Each structure stands twice: as C-alpha cells, then as structure tokens.
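One line per chain: the protein sequences are A and B, in this order. Heads up: the first sequence begins at 1 in the working numbering, then just goes up one per residue. Heads up: the second sequence begins at 1 in the working numbering, then just goes up one per residue. Idealized CB from N, CA, C, for every residue including glycine. Since the structure is predicted, the reported quantities are computational estimates derived from the model, not experimental observations. Notes follow the structure.
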Amino acid sequence: MIRLTDIHKSFGPVRANRGASLDVAAGEIHALVGENGAGKSTLMRILSGMFPSDSGTIEVNSKDVTGWHTADAIRAGVGMVHQHFMLVPTLTVTENVTLGAELTRGIQLDRARAHRDVQALVDRTGLKVPVEQRVSELTVGEAQRVEILKTLYRGARVLILDEPTAVLSPPEVNELWRVLRRLREEGGTIVLITHKLDEVMAISDTITAMRQGQTVGRLETSRTSPAEIARLMVGRDVQLAGRAEGKAVSVGSRNGSGLDVRELTVASSRRKNAVDQVSFSIAAGEILGIAGVEGNGQTELIEAIAGLRPISSGSVLLAGRDITRVSVRQRGDLGLSHIPEDRHERGLVLEYSVADNLILGQQHRFTKHWTLDQRRIASHAEGLIRQYDVRPSDPALPARALSGGNQQKIVIAREMGGGGVREFQVLLAAQPTRGVDVGAIEFIHAQLRAARAAGKAILLVSADLNEVLALSDRIAVMYGGKIVTVMSGSEATAEKLGPHMTGAAA
Amino acid sequence: MKTLKLEEALLPPVVALLIALVVGDLLILSFGQSPAAVYRMLLEGTWGNAYGLGQVLYKATTLTFTGLSVALALRAGLFNIGAESQLAAGGFAAALVGLALPAGLPALLVLPLYVAAAGAAGGLVGVVPGALKARFGAHEVITTIMLNFIVLALLNYLISTRFKVHDTLHTAEIKSGAVPRLADFASAFHGSAANVVLVLALIVVALSWWFLFRTRGGFELRAVGLQPHAAEYAGVHVGRVWWTSMALAGAIAGIGGLNYVLGYKRYYEEGFSAGAGFLGIAVALVGRSHPAGIVIAAILFATLSQGGLAVNALVPKQMVDVLQAVVIISMATAVPEIRRALLALRPAPSVKATAATGEAAT
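Here it is in structure tokens:
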C-alpha cells in the first residue's frame with residue numbers, strides 16, 4: 001500500500017537517508033525501528049510531504065506520489081502525529097481538532113456541529129478526552145490523544161506516530177495500544193516510529209529496521225526476537241539492559257549520608273504546588289530512581305535541589321550540610337553534580353566549543369587574574385574527550401556540531417569526570433539517556449553504576465521506566481508533586497509501579 | 001573560542017552592501033546622474049584627501065564607541081537602543097568636569113578624569129534599563145527608548161536654563177586638558193575634526209575584545225546572551241549580568257561623547273549626538289558584534305555619512321541615509337543576532353512555564 005524505494009536525503013553535510021526503503025501493507029501496524037539519528041523521522045517526514053527527498057520514489061496505493069506536499073498527503077489520507085505537540089493551549093480540544101478545517105454556517109463557526117463531530121470521533125476511536133476542556137488543562141497523555149484526533153479528523157487512514165510513548169505512563173501506553181488496534185480493525189494502517197524493543201514486540205505486525213540512513217531489514221514480529229532486532233539496529237550484539245545485571249551489589253560505603261531532602265515544597269504558577277512536602281534521603285553508594293509520568297514535579301524537584309528554582313519551604317542537605325540557601329556555584333563546589341534533563345537548553349551552550357562546554361559551571365576554576373587559562377582548558381578538554389570517547393575529538397568544534405549522544409557525553413564527562421578539577425558527592429541525573437543512541441546508553445549506564453560503586457549518591461529521574469528499573473536500588477514514584485510510594489529495586493516491576501504513576505493506587 | 005568562521009561572518013555584510021549598491025545605482029539614475037560619477041565623487045570626497053579622511057576618522061570614532069556599546073549588550077542578549085542618550089550624557093558630564101577644572105592642566109593628567117566622568121554618566125543611563133530588566137523583567141527595548149526621551153530632554157533643559165552661553169545652545173568652552181587633533185601632527189588634516197580620542201577608541205576596542213573572548217566575565221556574559229538557561233545552570237547570575245553589561249555598554253557609549261566635547265568643539269552642544277547612537281545599532285549589526293568588525297563597520301558608515309556631503313552637488317545627501325537604511329534592513333533580515341534579540345522577548349528564565357502541551361526534548 002505504501003512503498004518507499006531507495007530514498008536519499010541530505011541536510012548539508014548530514015546524510016539522513018541514503019538508500020532507505022519501506023513497505024507497508026494496508027491494515028497493519030508497522031514498526032519503524034532504529035537508533036537515534038538512523039533517519040526514521042526524516043523518512044516519515046518525506047512520506048508525509050513535509051519536505052521532498054533528494055532521490056527515490058514514493059508510492060501510495062500504487063500511485064507514484066514522489067515529491068508531494070503535506071496537503072496532498074492529507075488529501076490522500078496520510079497523516080503524521082509529531083513527537084512535539086503542535087496544539088494551541090488556550091483553545092479547547094474541539095477547537096484544536098477542527099483548527100484549519102473549521103465547520104462554518106454562513107460566516108459563523110458552527111460550534112454545535114464541531115462539538116458533535118469531535119465527540120462522535122472520540123466515541124468511535126476510544127480516544128477519551130474531554131472535548132470542551134482547554135488543552136492547557138489536559139495531561140500530556142490526553143494532549144497526545146488530541147494530536148491523534150486532529151489527524152484522524154482530517155480523514156487520515158494511514159497514521160504515522162513518532163515516538164508516541166515517550167511521555168506516557170504504562171497504563172496510558174496500554175490505552176494507546178488498544179486505540180491503535182481498534183484503528184487497525186477498522187482498516188486503518190499505522191506506522192510507529194520507536195526505538196523501544198518491548199513496544200515493537202507488543203504492538204507491531206511487521207518491522208522495518210534502519211541504521212545510518214539505510215534500511216537494514218524487514219521482519220515479521222511473530223518470527224523474531226528483541227535480540228535480533230537490536231542486532232539489526234546497532235549492527236552488533238548488544239547487552240540488553242537486563243534486571244539481573246542491573247542489580248549488581250553496590251560496593252560503595254553506605255554509611256556517610258549523601259543527599260537529604262526534607263519536606264521540600266516548590267510553588268508553581270498553578271494553584272497546586274509543583275513539589276509538595278517531598279522528603280527522602282539517598283545514601284552514599286545508592287541510586288534512588290524516581291519513576292513517574294512527566295510533568296508530575298520531577299523537573300521542579302531536580303531544579304530546586306540544583307538551586308535553579310526557588311524553594312517555598314523545606315530544606316536540602318548535602319553530606320549533612322544545609323545547602324537550601326546556597327548559590328548554584330557553591331553547590332557545585334560542595335560536590336553537587338547535575339546532568340540536566342534538557343542538554344540543548346541548559347546542559348550546553350551550543351555555540352560554544354566542546355572545550356568551553358567542558359568547563360561550563362566550573363569556569364571560576366579555570367580563571368587566573370580574570371582571564372581564562374586557555375592552556376589548562378585545552379588540556380582539560382583533551383583528557384576528558386579521550387576518557388569519554390567524545391567524537392569527533394576536536395575540542396574546538398562547536399557543541400552544536402556533535403550528535404546527541406556525543407553532546408550528552410560532554411555533559412557526563414563534565415559532571416562525572418571532572419578531569420581532576422573537583423570531586424562530586426551527589427549526582428542529579430535527569431533523563432541521562434534521553435535522545436541518545438543505544439551504544440551511548442550502555443556507556444552512560446556503566447558510568448552511573450561505576451559512580452555508585454565509588455560511593456556517590458545518585459538521584460535518577462527518567463521517563464524511561466526500564467532505565468529506572470535497571471539502575472535503581474530504590475524507586476520512588478512521583479505523582480502530582482508528591483512521592484506516593486517507595487519500593488526497593490528488587491521488588492519493583494512496571495506492573496507494580498504503573499498504578500501509582502497514575503495516582504490510581506493512592 | 002571562535003563561534004563564527006570568517007567567511008560566514010563576512011557574507012551577510014557583503015551581500016547587504018551589494019544590495020545597497022544596486023539600490024544606490026537606481027536612486028542615482030532616477031536623479032539623472034551617472035552612478036560611476038557619483039561614487040567617484042563620494043570616494044574622492046572621503047578617502048581622496050586628508051581632510052575628507054580626517055572627517056571620516058572623526059565620525060568613525062564616535063560610531064566605534066556607540067557600535068561597541070550596542071554590540072556588548074547584544075552579546076549579553078540585550079538590545080541597547082539607548083546609546084544615543086548614553087552618548088549625550090557622557091559628553092555632558094565631561095563638559096561639566098571640564099568647566100570645573102582650572103585652565104591649562106595637561107591632557108594626560110586630566111584625561112582619566114574625563115573618561116571616568118563620561119563613563120560614569122553613560123553607565124548610569126545604561127544601568128537603569130538593565131536593572132529594571134533584572135528586577136522587574138521590563139523589556140530593555142522599551143525602557144532604553146523611553147530613557148532616550150527623558151535623558152535628552154533633561155540635558156536640553158539643563159543647557160537652556162543653566163549652562164548655555166548667551167544666544168547659543170552650547171556650554172562655555174573647556175579650558176583644561178585640550179586633546180590634540182591629528183592636524184597637530186600632520187598639517188594635511190587641517191580643518192578636520194579627527195583627534196586623539198581615536199586612539200582611546202582603539203584601546204577600548206582591544207579591551208572589549210579581551211574582555212569578551214578571554215575573561216571569565218566575557219565567557220559568562222556571552223553564555224547569558226546565547227542561552228540564559230545554560231548560564232544560570234553554570235552558576236551565573238543572569239540578572240546581574242544584565243545590569244552590569246548594560247552599565248558597561250552605557251559607559252562605552254558615554255566615553256564616546258569625549259570625541260565631540262573634548263576632541264572637537266571643546267564644549268557640549270545640544271543635540272551633538274545627532275543620531276550617532278542609533279547608527280551604532282547598524283554598526284554593531286554590520287560588524288557582527290565583533291570588536292574588529294565594528295571598527296570596519298564604523299569606518300564604512302562614517303564614509304557613507306561624510307560622502308553624503310561630498311556628493312550633495314549631484315544628488316541630495318539624503319540618498320546616503322537611504323543607502324544606510326538599506327544596509328541595515330538587509331542585515332537585519334540576515335543576521336542571527338537579531339533573531340536572538342527578538343527571542344529574548346520570551347519570559348526570563350526560572351519562570352519558564354511547563355505547559356501541559358509539553359515538549360519532549362530531542
């Protein structure tokens with residue numbers, strides 16, 4: 001039904017697709033898998049008409065549609081749901097769904113009919129959302145359903161979903177699978193972009209694997225295994241993050257106190273507190289994982305501990321010392337390291353060189369008579385680039401020019417390596433492997449385990465539940481700004497954590 | 001350290017100039033003149049003789065100061081539209097100091113005093129919008145524009161009520177610390193206003209470069225301009241950088257006032273700034289906010305503005321104003337700094353709202 005053949009696409013020097021192809025049959029759920037940067041999103045954007053390919057052909061329903069535009073694609077029933085939501089927060093669900101395809105009566109909007117139509121669509125698809133609610137009041141999972149509704153409302157029969165589960169809790173993921181199966185039963189076709197193997201196994205009929213811009217394999221889901229898919233994606237055997245291996249006994253001393261958080265409250269712009277009376281402590285040599293659906297106060301919690309967000313009440317202690325009122329710089333000097341969740345906004349100055357980014361936050365340690373000591377910055381960079389295998393290894397390159405995985409390596413090297421400049425006691429690791437490839441994930445996980453073994457206290461926040469399960473000694477679940485449960489890493493499972501993540505078990 | 005390759009940095013100004021050249025040709029033709037003749041006259045009247053060159057250097061000196069002022073703020077992510085009044089305030093303060101000093105003191109002795117006074121006055125005008133932004137989030141474009149009105153009106157009021165010499169709009173002449181003109185060293189420059197403040201400008205250019213690209217302060221300032229959230233994460237007080245960089249920008253523009261008050265007329269005259277502060281915005285943009293680029297851009301705009309007088313016989317001198325405007329508009333559409341400054345209209349860090357429509361990081 002859909003056939004892309006030998007697609008090539010370059011962005012400047014970056015060859016995103018070089019000979020990619022894809023075959024999707026009508027009425028199937030097709031998983032498009034590959035590491036970050038494998039060219040999956042590019043290929044799907046070409047299919048949905050967002051930009052043309054450099055060469056290659058696209059056929060839909062046996063018609064050559066190469067080079068078509070988004071409008072043509074929508075008319076032919078091909079619609080894409082993007083990773084970044086494109087909704088107007090101040091408008092209602094109905095208004096968002098009908099935006100750009102408004103129903104009118106004369107020159108007026110026909111609100112009643114729009115409401116009826118959208119409600120009918122909700123009922124038919126099972127995408128449950130309150131249609132008269134403003135989008136700003138929805139949960140992330142609901143907002144995503146609105147995105148899907150928007151695409152279906154325009155008559156899409158082929159639905160392309162780009163990493164749809166990144167922001168969902170396990171029950172919401174199951175709900176999404178139910179909806180997708182229902183759409184398939186009605187004759188719809190679904191292409192799912194993902195790099196999570198369990199999702200691929202759970203939902204897809206057929207799999208296409210991509211690596212470095214090329215299609216490297218097409219598999220029947222019922223006749224393959226996660227290991228085989230991973231091998232296709234990476235091009236070699238991969239150690240899949242197994243539970244047993246993740247539970248290596250920590251050798252670090254557990255005596256000294258690492259991080260203590262006492263009744264921490266952080267106000268938010270909404271009526272509810274973003275973080276509400278949260279208390280926990282992490283011992284030296286321990287990883288405390290925070291599970292939870294994004295937007296339940298994890299970001300605010302980390303930023304408050306890091307000193308980037310005002311605290312309304314409560315206190316933060318680092319190795320027994322109260323740092324609640326201490327500046328960001330001093331916290332760093334006292335041994336607090338922080339891998340921020342958004343490396344593009346916070347973790348890196350993208351225009352700065354790799355070398356300069358490797359001293360970000362520690363620039364005062366490289367200063368002599370107000371002047372930055374260029375020679376020490378250079379040797380510092382050289383050491384860390386070698387130790388952490390940052391590629392390309394040119395310290396003068398702007399951080400922008402590096403891949404996501406290598407950018408994250410810069411942050412990790414700076415916060416965890418230190419290059420002999422400083423020692424850290426406590427590490428805040430927020431989404432440490434978000435948007436990096438499988439190889440880099442392995443590396444980063446090994447770093448975190450090594451830091452635990454060396455007696456560091458680590459607070460890990462991740463939207464990837466498997467990551468939290470694989471690394472944590474204890475797991476706390478955050479919901480609505482509170483810690484609703486804590487369990488030991490060995491007893492925790494996705495099934496046990498799931499209900500807490502949605503507040504259902506409260 | 002380098003953030004731009006040289007050819008990347010040069011391309012937009014060169015394209016902007018070519019566009020201006022084409023528009024200039026059309027304008028000249030519409031006046032029934034030959035472009036070649038007009039451009040030749042323009043060059044002869046500026047670079048073709050020592051007097052013209054002196055005038056270009058004099059104008060470029062003021063523009064270097066105001067251009068640097070705008071550029072420094074731009075590097076911190078701020079749009080300083082207030083160089084005009086910072087320049088005037090600096091010149092006024094220098095005149096006050098000059099009037100208070102006894103006659104005949106040597107320049108080398110009193111020059112630091114003038115620099116301090118002009119810098120302090122300009123810095124004071126600059127720090128107000130900086131502090132208002134840091135404390136209340138008031139947008140600096142609005143506040144610097146409004147402050148231009150207030151400061152210029154205040155200075156005019158003071159001149160006309162207290163300090164003016166009868167029947168003029170200027171103060172009495174300064175008797176102390178005369179700065180030599182270039183004509184004192186080379187008589188060919190005779191009659192031109194170029195003076196030794198030019199050397200001061202080059203010193204400030206060098207210091208600005210060193211500060212921006214070699215010191216920790218500059219490292220942190222540029223980080224704030226590029227990514228305030230990352231700067232905050234790196235332990236930088238974003239608000240503090242805002243107000244200090246505006247104070248510094250104001251001080252640099254203020255010192256520029258010496259070029260007219262100390263180097264040329266030796267008195268403060270109402271309206272002496274004559275748009276040099278606003279033209280500094282164009283200089284900073286064409287110079288890509290780099291100290292070396294600013295010197296080149298200042299010379300370019302000084303040439304255009306002096307050249308306007310030279311070609312007045314063939315075409316109206318306002319044609320040159322149009323050309324300057326075309327250069328600015330072409331640059332503004334091509335330069336990333338502008339887009340960044342516009343993005344600064346977004347709310348300040350730490351009040352970043354995480355909407356329910358949340359963005360997944362890539």
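Chain-ordered chain E contacts of residue i [CB-CB under 9 Å]
i	result
H229/B	The structure shown contains no chain E; its protein chains are A and B.
For residue i, the first and last residue of its enclosing alpha helix (DSSP H)
i	result
S85/B	83-100
N259/B	258-261
D23/A	Where D23/A is concerned, there is no enclosing alpha helix (DSSP H), although the beta strand (DSSP E) it sits in stretches over 14-24.
M44/A	40-47
Y51/B	50-75
Q306/B	291-310
S315/A	Run containing S315/A: none in the alpha helix (DSSP H); it sits in the beta strand (DSSP E), 313-318.
E220/B	216-226
F149/B	140-158
A112/A	111-125
H500/A	494-501
L387/A	The sequence given here places Gln at residue 387/A; Leu does not occur at that position. Segment 374-388, the alpha helix (DSSP H) holding Q387/A.
Anticipated Cβ contact below 8 Å, residue i with residue j, distance rounded
i	j	result
V468/A	G289/A	4 Å
A476/A	V426/A	Actually they do not touch by this definition, with Cβ atoms about 16 Å apart.
A253/B	K59/B	Going by Cβ atoms, the distance from A253/B to K59/B rounds to 15 Å, so no, they are not a contact pair.
P170/A	M501/A	7 Å
A249/B	A234/B	Not quite, the Cβ-Cβ distance comes to about 22 Å (not below 8 Å), so this is no contact.
G37/A	D437/A	6 Å
V354/A	A378/A	About 11 Å; that fails the 8 Å criterion.
Cutoff 9 Å: residue i Cβ touching any chain B Cβ
i	result
Y153/A	no
G361/A	yes
W508/A	Outside the shown range of chain A, which is 1 to 506, sits residue 508/A, and nothing can be said about it.
D276/A	no
S374/A	The displayed chain sequence assigns Gln, not Ser, to residue 374/A. So, interface residue.
D394/A	no
D198/A	no
D464/A	no
N255/A	Here the model assigns N255/A a pLDDT of 46, short of 50, so the residue's position is not dependable and the matter cannot be decided.
D437/A	no
G252/A	Interpretation of G252/A is limited by its pLDDT of 37, a score under 50 that renders its predicted location unreliable; the figure taken from the coordinates is listed afterwards. No, no contact with chain B.
D72/A	no
D473/A	no
Under 9 Å between C-beta atoms of residue i and residue j
i	j	result
L471/A	I302/A	no
L183/A	I203/A	no
G187/A	A413/A	no
R181/B	N195/B	yes
F65/B	I255/B	yes
I29/A	T208/A	no
V135/A	L149/A	no
A283/A	G258/A	yes
V326/A	G307/A	yes
L159/A	L152/A	yes
Cross-chain neighbours of residue i in chain A, by beta carbon under 9 Å
i	result
L226/B	V349, L350, E351, Y352
A71/B	Going along chain A, no residue has its Cβ under 9 Å from A71/B, so there is no contact; the nearest lies around 16 Å.
Partner residues on chain B for residue i, Cβ-Cβ distance less than 7 Å
i	result
H364/A	R216
R329/A	G235
T367/A	R216
G332/A	G235
Residue-chain proximity (residue i, chain A), Cβ-Cβ < 9 Å
i	result
A284/B	no
R181/B	no
F219/B	yes
A206/B	no
A251/B	no
G287/B	no
M1/B	Note that M1/B scores 38 on pLDDT, short of 50, meaning its location in the model is unreliable and no value can be drawn from it.
Range covered by the beta strand (DSSP E) that runs through residue i
i	result
I7/A	2-11
K196/A	Element bounds for K196/A: n/a, residue is neither H nor E.
Proximal residues of chain A, C-beta to C-beta of residue i below 8 Å
i	result
A223/B	V349, Y352, L360
E270/B	The premise fails here: E270/B is roughly 40 Å from chain A at the closest Cβ pair, so nothing lies under 8 Å.
E232/B	L308, V328, R346
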